[in-house]
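S.K.: Supplied in C-alpha cells, the structure appears directly below.
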Amino acid sequence: MGTVVATHCDLRVAFGDARNQGDRPTCLAFALSDAHSAARGATEAMSAEHLYYHAVQRTPGGHPSDGVALPVACDALKLDGQSLETGWPYLTALPSELTHWKPPPGATPLFRRATQPLAPKGADVIARLDTGQPVVLILLLGERFYNPIDGLIAIGPNDADTDYHAVIAVGHGNASTGEACILVRNSWGPDWALEGYGWIALPYLEARLKQTLVMEPGNTP
Amino acid sequence: MSRRQAILEGAMAAARLHDQLDVRHAVESSGGSIDVFGALLLLKAALIFRPLDGLLGFCIRGADRPGVVISTQRPLRIQRFTGAHELGHVYLGHTESLDGEEILTRGGPMTNELEIAANSFASAFLLPKWLLQLQARRQGWDRASMSNPRMVYQMALRVGASYEATCVALQTHNIIDDVTAKELMSASPRDIKAELLAGITIENYYPDVWLLTERDEGLVLEGQPDDLFVLRLTEKAGAGYLWNTTDLIKSGFAILRDRREIPPTPESVGGPVMRALTARRSDAAQGRFALELQRPWQKEGTAIAALHVAYDLYGKEVGMPRSVRRQLAAA
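Line order of the protein sequences matches chains A and B.
Quick note, in numbering that gives the first Met the number 0, the first sequence goes up one by one and the last residue is 220.
Quick note, in numbering that gives the first Met the number 0, the second sequence goes up one by one and the last residue is 330.
In C-alpha cells:
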C-alpha cells in the first residue's frame with residue numbers, strides 16, 4: 000500500500016505537538032485530555048496526570064501501574080475534572096512513595112467534560128471527523144502499528160495482537176491505492192510515524208477498533 | 000566418630016571451603032549454581048570424566064595431587080553431586096574412595112563414617128542454606144512458595160541440583176517441614192514441565208523447562224541440549240514498548256510459541272500485558288542472549304528493561320572438564 004496522497008479532513012491544527020506518555024500506562028488519559036483540550040477550542044494542554052489520577056482513584060483496587068478502563072476515565076473527566084497541564088505537569092515517573100502522588104495545590108481550576116460513546120465503526124468515525132469532531136479510539140493494537148511505513152499502518156503479516164491503546168482520530172484521506180485512511184494522534188512522542196501522527200488504513204482500523212467516543216459540547220459545571 | 004559427628008564434620012568443612020574459595024561472592028554475581036568442578040581444580044585435583052562400570056565416581060590420593068574420576072553415564076546434576084562428594088573426600092584428606100549409587104540414597108545403607116562425612120560435605124557444599132535464601136530473595140519467593148512444586152523445581156534448576164536433592168535441602172535447613180517435603184517428593188517433575196509448557200508437546204520429558212522472568216536478569220545457567228525456556232515478561236505495549244526477540248533468534252533459539260495474555264475486552268486500556276515466549280535450542284552450545292524492552296521504531300540503546308542470560312547447554316561433562324578445555328583453547 001502506498002502513502003497517503005489525498006487528505007480530506009485534517010483537524011491537527013486544533014492540537015499542539017504530539018505528546019509523549021513515556022513508559023507509563025496513561026494513553027487513555029492523554030487521548031481524553033487532548034480531545035478535551037480541542038473541544039474547549041484552546042491550544043493549552045490539559046493535565047493528563049490529573050485525569051489519570053482521578054481515574055485511578057475511581058477504580059476499585061486501582062493502581063497507577065495498571066491503566067484504567069474507559070467508562071471510569073470518562074466518569075473522572077465528567078465528575079472530577081482536570082486542571083491545565085501547567086497546574087499539574089506530567090510526571091515521567093511516579094514518586095517512589097505513592098502517597099506523594101496527589102494533585103499539587105496549584106492544580107486549579109478544574110475543567111469537566113461529558114463524553115458520548117459511539118458505535119465503533121469506521122464510517123461513523125469519518126462522519127464525526129467531517130463535522131469537525133475528533134474521535135477518541137480504543138484499539139487492540141497489532142505489531143504493525145509500532146513500525147508504520149511512511150507513516151501508514153495497513154493490514155499485513157506479522158501483526159500479532161499486543162495491547163489495548165487509546166489514540167485520537169483527527170483526520171481522514173485516501174492512500175495512493177484509493178483505500179480510505181484515518182489520521183490518528185498518538186501519545187508516543189514526535190518520533191513515532193509522522194511527528195507523532197500516523198495514518199491507519201480503514202480495514203486495519205475496523206479490524207481492531209473496540210470503542211469510540213466524542214466530547215459533548217460545552218463544559219460540565 | 001559417630002554418624003552425627005561425621006555429618007557435622009562434613010557440613011563444617013563445606014562451609015570452610017566456601018569461605019576459603021569465596022564461593023558466595025561468585026554465586027551472588029552469577030545468580031547460578033556453585034561451581035563444584037572449579038573447586039576441585041582450585042584444590043589442584045586432577046579431574047576427568049569417563050565411563051565407569053557400576054560407579055558414579057572415585058578419588059585417589061596420588062603422589063603429588065589427588066585424582067578424581069566421575070562417570071559420564073549420568074546427567075550433569077548427578078555428576079555435580081558426585082563431584083561434590085569426591086571434593087569432600089579430597090578436602091577432608093581421605094585417602095581413596097570408590098562411590099556408587101549409595102551416595103545418592105538419603106539416610107540409606109551408608110555406614111562408613113568417611114562416606115557419611117563426604118556425603119554431608121556434598122549436600123552442604125552444593126545446597127547451603129544461604130544459596131537457597133539468595134535464590135529465593137532474587138525470585139521473590141517466601142517460605143510458603145517452597146511448598147509449591149513448580150517453584151521448587153525452578154529453584155533446583157538454578158542451584159544445579161536434582162528436584163529431590165533440593166526438597167531434601169529445604170527440609171534439612173528447616174525451610175519446609177516433613178509433611179511438605181513428603182508432598183513435594185510425590186510431585187512429578189514431568190507434570191511440572193507439562194504444566195509450564197501449557198500445551199506444547201515434546202518428544203520426551205528428559206529436557207528441563209526453565210521459567211525465566213525479569214528477575215533472572217544477569218543469570219548464568221547450566222542446562223542441556225533441548226532444554227526449553229518459557230520467558231514470561233511484562234510488556235508495556237500500550238506505551239509503545241515491546242520485548243525485542245531478535246537477539247534470541249540470532250543466538251540460535253527457535254521460538255515455539257509467542258503470545259500475549261490480553262483480556263478479551265478492554266477492561267483496562269494501556270496497562271501492562273504478560274508476554275509469554277517459549278524457546279528452545281537443540282544443539283549443545285554456550286552463549287548469551289539478550290531481550291530488551293524498547294520502542295521498535297527507535298534506535299538501539301533506548302531499552303527501559305532487559306533480560307541478559309548466559310547459557311551453557313552442553314549438559315553432562317565428558318573427558319576433560321569443559322572449563323579446562325576452554326582455557327586451553329583460549330591460550
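Backbone N, C-alpha and C define an ideal beta-carbon position, used for all residues, glycine too.
Could you tell me which of A:Asp-16, A:Ile-154, A:Ala-165 and A:Gly-195 sits nearest to Phe-29 of chain A, measuring between CA atoms?
M.R.: Stepping through the first sequence from its first residue, residue 29 of chain A is reached at position 30. Nearest of A:Asp-16, A:Ile-154, A:Ala-165 and A:Gly-195 to Phe-29 of chain A, Cα basis: A:Ala-165.
S.K.: Checking 8 Å against the spacing of the C-beta atoms, do Ala-275 of chain B and Arg-231 of chain B come in under that value?
M.R.: Along the second sequence, one-based indexing puts residue 275 of chain B at 276. Along the second sequence, one-based indexing puts residue 231 of chain B at 232. In this structure, Arg-231 of chain B lies closer than 8 Å to Ala-275 of chain B by Cβ.
S.K.: Shorter than 8 Å from the beta carbon of Arg-259 of chain B to some beta carbon of chain A?
M.R.: Indexing the second sequence from 1 puts residue 259 of chain B at position 260. Answer yes: the Cβ-Cβ gap between Arg-259 of chain B and chain A drops below 8 Å somewhere.
S.K.: Which full runs of the beta strand (DSSP E) of 3+ residues lie inside the stretch 283 to 314 of chain B, going along the chain?
M.R.: 285 to 293 and 304 to 311
S.K.: What are the boundary residues of the beta strand (DSSP E) that Ser-96 of chain B is part of?
M.R.: Counting from one through the second sequence, the residue named residue 96 of chain B turns up at place 97. Note, Ser-96 of chain B: beta strand (DSSP E), 96 to 98.
S.K.: Please tell me whether Ile-254 of chain B has its Cβ less than 8 Å away from any Cβ of chain A.
M.R.: Within the second sequence, the letter at position 255 stands for residue 254 of chain B. Cβ-Cβ to chain A under 8 Å: no for Ile-254 of chain B.
S.K.: Taking Cβ positions, are His-35 of chain A and Leu-76 of chain A nearer each other than 8 Å?
M.R.: Looking up residue 35 of chain A in the first sequence gives position 36. Looking up residue 76 of chain A in the first sequence gives position 77. Going by C-beta atoms, His-35 of chain A is nearer than 8 Å to Leu-76 of chain A.
S.K.: Say whether the stretch 213 to 227 of chain B touches the stretch 235 to 253 of chain B, bearing in mind that this needs 3 or more beta-carbon pairs closer than 8 Å, one atom from each stretch.
M.R.: no
S.K.: Would you tell me roughly how many angstroms separate the C-alpha atoms of Val-67 of chain B and Leu-39 of chain B, rounded to the nearest one?
M.R.: Start at 1 with the first residue of the second sequence, and residue 67 of chain B comes out as number 68. Start at 1 with the first residue of the second sequence, and residue 39 of chain B comes out as number 40. Straight-line Cα distance between these residues: approximately 8 Å.
S.K.: Give a yes or no on whether 8 Å exceeds the smallest Cβ distance from Arg-76 of chain B to chain A.
M.R.: For the purposes of this step, residue 76 of chain B is taken as the residue at position 77 of the second sequence. False, the Cβ-Cβ gap to chain A never drops below 8 Å.
S.K.: Could you name each continuous alpha helix (DSSP H) segment of 4 residues or more that falls completely within the stretch 216 to 271 of chain B, going from the start of the chain to the end?
M.R.: 245 to 249
S.K.: May I ask you to check if the CB of Ala-165 of chain A is nearer than 7 Å to at least one heavy atom of the ligand NAP?
M.R.: Annotation note on the ligand NAP: not contained in the displayed structure, which lists no ligands.
S.K.: Which chain A residues sit within Cβ distance under 8 Å of Gln-293 of chain B?
M.R.: For the purposes of this step, residue 293 of chain B is taken as the residue at position 294 of the second sequence. None at all; the shortest Cβ gap to chain A is about 10 Å.
S.K.: Mind checking Tyr-196 of chain A: buried by the 16 CB within 10 Å criterion, or exposed?
M.R.: Stepping through the first sequence from its first residue, residue 196 of chain A is reached at position 197. It counts as buried.
S.K.: Using beta-carbon positions only, say whether Arg-23 of chain A and Phe-110 of chain A come within less than 8 Å of one another.
M.R.: The sequence position of residue 23 of chain A within the first sequence is 24, counting from 1. The sequence position of residue 110 of chain A within the first sequence is 111, counting from 1. Taking C-beta atoms as the reference points, Arg-23 of chain A and Phe-110 of chain A fail to come closer than 8 Å.
S.K.: Using a Cβ-Cβ cut-off of less than 8 Å, give me the residues of the stretch 15 to 42 of chain A that come near chain B, in sequence order.
M.R.: Answer in chain order: Gln-20, Gly-21, Asp-22, Arg-23, Pro-24, Thr-25, Cys-26 and Leu-27.
S.K.: For the alpha helix (DSSP H) that Asp-176 of chain B lies in, which residues bound it at each end?
M.R.: Residue numbering aside, residue 176 of chain B sits at position 177 when the second sequence is read from its first letter. Unbroken run through Asp-176 of chain B: none, as it is neither H nor E.
S.K.: What residues of chain A sit near Glu-266 of chain B, judged by a beta carbon separation below 7 Å?
M.R.: Within the second sequence, residue 266 of chain B is the residue found at index 267, counting from 1. Result: Ala-68.
S.K.: Identify whether Tyr-203 of chain A lies in helix, strand or coil by the three-state DSSP scheme.
M.R.: By 1-based counting over the first sequence, the position of residue 203 of chain A is 204. Tyr-203 of chain A falls in the helix class under three-state DSSP.
S.K.: Using a Cβ cut-off of 8 Å, which residues of the stretch 296 to 319 of chain B contact any Cβ in chain A, in chain order?
M.R.: Look at the stretch 296 to 319 of chain B: the residues with a C-beta under 8 Å from a C-beta of chain A are Trp-296, Gln-297 and Ile-303.
S.K.: Would Asn-203 of chain B be called buried (16 or more neighbouring beta carbons within 10 Å of its own) or exposed?
M.R.: Translated into the one-based positions of the second sequence, residue 203 of chain B becomes position 204. Per the 10 Å Cβ criterion, exposed.
S.K.: If contact is defined by three or more beta carbon pairs under 8 Å, each pair taking one atom from either stretch, is the stretch 111 to 126 of chain B in contact with the stretch 5 to 22 of chain B?
M.R.: yes
S.K.: Considering only DSSP beta bridges, list what Ile-59 of chain B is partnered with.
M.R.: Within the second sequence, residue 59 of chain B is the residue found at index 60, counting from 1. Answer is B:Gly-66, bridged to Ile-59 of chain B.
S.K.: Would Ala-38 of chain B pass as an interface residue toward chain C - the criterion being a Cβ-Cβ separation below 8 Å?
M.R.: Judged by its chain identifiers, the structure shown contains no chain C, and its protein chains are A and B.
S.K.: From the DSSP secondary-structure annotation, give me the bridge partner or partners of Gly-117 of chain A.
M.R.: Here residue 117 of chain A is taken as the residue at index 118 of the first sequence, counted from 1. The sequence given here places Leu at residue 117 of chain A; Gly does not occur at that position. For Leu-117 of chain A, which the question treats as bridged, DSSP gives the partners A:Thr-211.
S.K.: Measure from the alpha carbon of Arg-189 of chain B to the alpha carbon of each residue in B:Ser-96, B:Asp-207 and B:Asp-63, then state which is nearest.
M.R.: Counting from one through the second sequence, the residue named residue 189 of chain B turns up at place 190. Closest option to Arg-189 of chain B, Cα to Cα, is B:Asp-207.
S.K.: Taking Cβ-Cβ distances shorter than 8 Å, what residues in chain B pair up with His-164 of chain A?
M.R.: For this step, residue 164 of chain A is matched to residue 165 along the first sequence. The contacting residues are Ala-236, Gly-237, Val-268 and Gly-269.
S.K.: Starting from Val-71 of chain A, follow its DSSP beta bridges and name the residues at the other end.
M.R.: One-based indexing of the first sequence puts residue 71 of chain A at position 72. DSSP, once it has assigned bridges, lists no residue as partnering Val-71 of chain A.
S.K.: List, in chain order, every chain A residue whose beta-carbon is nearer than 9 Å to that of Leu-241 of chain B.
M.R.: Within the second sequence, numbered from 1, the residue matching residue 241 of chain B stands at position 242. Here the neighbours are Glu-142, Tyr-145 and Thr-161.
S.K.: If I measure Cβ to Cβ from Arg-142 of chain B and keep anything under 7 Å in the same chain, skipping five residues before and after, which residues do I get?
M.R.: Your numbering for residue 142 of chain B matches position 143 in the second sequence. The residues Ile-174, in chain order, have a CB closer than 7 Å to that of Arg-142 of chain B in the same chain once the five nearest residues on each side in sequence are set aside.
S.K.: Need the endpoints of the alpha helix (DSSP H) that Gly-9 of chain B sits in, please.
M.R.: Walking along the second sequence from the start, residue 9 of chain B turns up at place 10. Run containing Gly-9 of chain B: 2 to 20, per the alpha helix (DSSP H) assignment.
S.K.: Output the distance between the C-alpha atoms of Ala-192 of chain A and Asp-79 of chain A, rounded to the nearest integer angstrom.
M.R.: As a position in the first sequence, residue 192 of chain A is number 193, starting the count at 1. As a position in the first sequence, residue 79 of chain A is number 80, starting the count at 1. Spanning the two alpha carbons is a distance of roughly 33 Å.
S.K.: Count Cβ pairs between the stretch 163 to 181 of chain A and the stretch 129 to 140 of chain A that sit closer than 8 Å; are there 3 or more?
M.R.: yes
S.K.: Among residues of its own chain, excluding the 5 on either side of Arg-11 of chain A, which ones have a beta-carbon nearer than 6 Å to its beta-carbon?
M.R.: Counted from its first residue, the first sequence places residue 11 of chain A at position 12. Correct list, in chain order: Val-169.
S.K.: Using the DSSP secondary-structure output, state which residues sit across from Val-3 of chain A in a beta bridge.
M.R.: For the purposes of this step, residue 3 of chain A is identified with residue 4 of the first sequence, where counting begins at 1. As computed with DSSP, Val-3 of chain A is found in a beta bridge with A:Ala-174.
S.K.: Mark Tyr-205 of chain B as exposed unless 16 or more other C-beta atoms lie within 10 angstroms of its C-beta, in which case mark it buried.
M.R.: Counted from its first residue, the second sequence places residue 205 of chain B at position 206. Counting Cβ neighbours within 10 Å, Tyr-205 of chain B comes out exposed, since fewer than 16 surround it.
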